[in-house]
Amino acid sequence: MIEDDVEAMMTKTREYYNFIKRMIERESIVLKQDDLDILVNIDSYFSIQSDETWNSLQEKSMIYKNILSTCIAYLQRLDRITKEYKIFRNGE
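The opening residue of the sequence shown carries number 367 in the working numbering; numbering runs sequentially from there.
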């Protein structure tokens, strides 16, 4: 069912987010304010996901699609930052 697929994608996205967030904390990476705002935005998107007052399945799917595309773009940016930090720290 499509709803199950969307839920699975949201779960994987949340896992990826938690992985990136732990890496940033573990490596003590100092982020610019814009990047810190990204973390706050992703947290808010995941809290929107928890809201179950959707008017229809179509509305829920559209909102989830927007959350996923935004979160993935943000996470790719944070992933690049962590990789660049590791390269810089290791002197490569």
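Glycine residues also receive a C-beta, built at the ideal position from the N, C-alpha and C atoms. Quantities reported herein were computed from a predicted structural model and do not represent experimental measurements.
Any alpha helix (DSSP H) of 4 or more consecutive residues that is wholly inside the segment 367 to 395: Correct list: 368 to 392.
C-beta contact flag for L444 and I386 at 8 Å: On the sequence shown, residue 444 is found 78 positions in, with the first residue counted as 1. On the sequence shown, residue 386 is found 20 positions in, with the first residue counted as 1. It is a contact, given that the beta carbons lie within the stated cut-off.
Residue burial classification, T377 (beta-carbon count within 10 angstroms, cutoff 16): As a working mapping, residue 377 is identified with position 11 in the sequence shown. Burial call: exposed.
Distance between I395 and I438 (C-alpha atoms, nearest Å): Indexing the sequence shown from 1 puts residue 438 at position 72. Indexing the sequence shown from 1 puts residue 395 at position 29. Approximately 20 Å, taken between the alpha carbons.
L397 - DSSP class collapsed to helix/strand/coil: Residue mapping note: residue 397 aligns to position 31 of the sequence shown, counting from 1. Coil.
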